[in-house]
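*Asks:* After the structure tokens below, expect a handful of questions from me.
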Amino acid sequence: MSAASALSARSNIAPSISRGVAASRVASRARSSPGSSVVVAKATPAEQSNIVVFGGTGGTGSECVVQALRRGAKVTVLARDPSKMRQPPGTGGANEGAPVSDPNLTVVRGNVSNPADVAKVITKDTTGVVVSLGGKTKDVGATMLTDGTTNVINAMKSAGIATDARIAIVTSIGAGDSANQAPIVFRVLMATVMRSIFNDKNNQEALFLGPGGPGRDLEFCVVRPGGLGVGPPTGIVNVIDGEAGSIARADVADFCLGALFEEAFPYIGKAPCISSVGGTSWTKDRGGKGMMEA
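Here the sequence shown is numbered in my numbering, starting from 11 and rising by one per residue.
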């Protein structure tokens, strides 16, 4: 039995997705509504994509940027400090920390909390969006995730791509209705020292999952990773029904890009909790970053 099959056999882990063969292993998702025909979620192959990454200089966001570029996509990043667009420690390998330089990469100075800045980078040619925002509340404000993501939703609608471009939003295990999937010690932190950031994460998710949320009609995937670690992608992502374990940022990024690039991606319109081969163990290797810093 392969490692992926062994993990999938565990009662609290849904079937694994090996990202290299995901398109042939998952079923397409269709959305229907009363009085209308079934509409199949759209996707644009990487080499034809023009994506925007918010939080692209962060741990997970930079993985999204570099991996998308390697797959032939055009990538635009909105960054408060463009000089921080560096190779990540996972996919970057020996080039970790070096500036990312690629003819298909455009880095625009700006702030996701400013609607005008967001509108500059989301255009009618945008085929997909990744929102991987993070940072300490004292530095970015108590509502940055919600405010910034609202600006992204509004910009996608203003650009006329709300039904044509997919969006992946990185939140966290423990957000929304996944509170019981977080380890007990983490739940304590969520209710105490991390209460403010989880209020923001919950409100961010409600933009897509809550009644009347402005993002409900987008082709979205809310991604809830377990403990974020550093390292190269393993190529395996477990969608967890029970308590989630750890996962490398590189694998989270690969999952997000799958939501944008793969027509048969099965979690559009959903909020999967994911962890990697670590099963339900909780790994605290965060590469010097805070636990909730994407």
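Glycine included, C-beta positions come from ideal geometry on N, C-alpha and C.
Since the model is a prediction, treat every value here as computed from it, not as a measurement.
Rounded to whole angstroms, how far is the Cβ of K94 from the Cβ of T70, which I believe are closer than 8 Å?
*Replies:* The sequence position of residue 94 within the sequence shown is 84, counting from 1. The sequence position of residue 70 within the sequence shown is 60, counting from 1. No, K94 and T70 are not in contact; Cβ-Cβ is about 14 Å, not under 8 Å.
*Asks:* From the DSSP output, in three-state form, read off E215 for me.
*Replies:* Residue 215 sits at position 205 when you count from the first residue of the sequence shown. In this structure, E215 counts as helix in the three-state DSSP scheme.
*Asks:* May I ask you to list the residues that DSSP assigns as paired with L115?
*Replies:* Walking along the sequence shown from the start, residue 115 turns up at place 105. Per DSSP, V85.
*Asks:* What are the boundary residues of the beta strand (DSSP E) that includes G138?
*Replies:* The count along the sequence shown starts at 1 and reaches residue 138 at position 128. Run containing G138: G138 to V141, per the beta strand (DSSP E) assignment.
*Asks:* Straight-line CA distance for K130 to I194?
*Replies:* Counted from its first residue, the sequence shown places residue 130 at position 120. Counted from its first residue, the sequence shown places residue 194 at position 184. Roughly 42 Å between the two C-alpha positions.
*Asks:* Taking the beta carbon of G222 as the centre, do at least 16 other beta carbons fall within 10 Å, making it buried, or is it exposed?
*Replies:* Position 212 of the sequence shown, counted from the start, is the residue given in the question as residue 222. It counts as exposed.
*Asks:* Use the C-beta contact count for K84: other C-beta atoms within 10 angstroms, 16 or more gives buried, fewer gives exposed.
*Replies:* Taking the sequence shown and counting its residues from 1, the one referred to as residue 84 is at position 74. Buried, by the Cβ-count rule.
*Asks:* Hey, out of G151, S182 and A201, whose CA is closest to A254's CA?
*Replies:* Reading the sequence shown from its first residue, position 244 is the one you call residue 254. Closest by alpha carbon: S182.
*Asks:* Could you compute how far the alpha carbon of Q214 sits from the alpha carbon of L228?
*Replies:* Sequence index remark: in the sequence shown, residue 214 carries index 204 (1-based). Sequence index remark: in the sequence shown, residue 228 carries index 218 (1-based). Taking the straight line from one Cα to the other gives about 14 Å.
*Asks:* Whole-angstrom Cβ separation of G138 and L219, contact assumed at under 8 Å?
*Replies:* Reading the sequence shown from its first residue, position 128 is the one you call residue 138. Reading the sequence shown from its first residue, position 209 is the one you call residue 219. At roughly 20 Å, the Cβ-Cβ gap does not stay under 8 Å, so G138 and L219 are not in contact.
*Asks:* Compare the C-alpha of R176 against each of T136, G103, G65 and A192 and name the closest.
*Replies:* Here residue 176 refers to the residue found at position 166 of the sequence shown. Selected option, being the one with the closest Cα: T136.
*Asks:* Specify, as a first and last residue, the run of the beta strand (DSSP E) that V249 falls within.
*Replies:* The residue given as residue 249 occupies position 239 in the sequence shown. Taken as a continuous stretch (DSSP letters only), the beta strand (DSSP E) holding V249 covers I246 to I250.
*Asks:* Considering just the uninterrupted stretch of the beta strand (DSSP E) at S285, what are its terminal residues?
*Replies:* Numbered from its first residue, the sequence shown carries residue 285 at position 275. Run containing S285: C283 to S285, per the beta strand (DSSP E) assignment.
*Asks:* Rounded to whole angstroms, what is the Cα-Cα separation between G225 and P125?
*Replies:* In the sequence shown, the residue the question calls residue 225 occupies position 215. In the sequence shown, the residue the question calls residue 125 occupies position 115. Those two C-alpha atoms are separated by around 16 Å.
*Asks:* Identify, in the order they occur along the chain, each residue of the same chain with its Cβ nearer than 7 Å to the Cβ of G82, setting aside the five sequence neighbours on each side.
*Replies:* Reading the sequence shown from its first residue, position 72 is the one you call residue 82. Here the set comprises A56 and E57.
*Asks:* Mapping the DSSP letters down to three states, classify K94 as helix, strand or coil.
*Replies:* Locating residue 94 in the sequence shown gives position 84, counting from the first residue. Helix at K94.
*Asks:* Do the CB positions of A258 and V240 come within less than 8 Å of each other?
*Replies:* By one-based count along the sequence shown, residue 258 stands at place 248. By one-based count along the sequence shown, residue 240 stands at place 230. Yes, these two residues count as a Cβ contact at 8 Å.
*Asks:* Just grab the DSSP bridge partners of R234 for me.
*Replies:* What you label residue 234 is simply residue 224 of the sequence shown in a count that begins at 1. Its beta-bridge partners are C283.
*Asks:* Since N190 is in the beta strand (DSSP E), which residue starts that stretch and which ends it?
*Replies:* Here residue 190 is taken as the residue at index 180 of the sequence shown, counted from 1. Note, N190: premise wrong, no beta strand (DSSP E); not H, not E.
*Asks:* Which residue marks the beginning of the beta strand (DSSP E) containing I278, and which one marks its end?
*Replies:* Numbered from 1 along the sequence shown, position 268 holds the residue referred to as residue 278. Segment: none, I278 is in no beta strand (DSSP E) and carries neither H nor E.
*Asks:* Going by Cα to Cα distance, which pick from E73, A104 and G65 is closest to V87?
*Replies:* Stepping through the sequence shown from its first residue, residue 87 is reached at position 77. Looking at the Cα atoms, G65 is the closest of the given residues.
*Asks:* Please state if the CB of S256 and the CB of G279 are separated by a distance shorter than 8 Å.
*Replies:* The residue labelled residue 279 in the question sits at position 269 within the sequence shown. The residue labelled residue 256 in the question sits at position 246 within the sequence shown. In this structure, S256 does not lie closer than 8 Å to G279 by Cβ.
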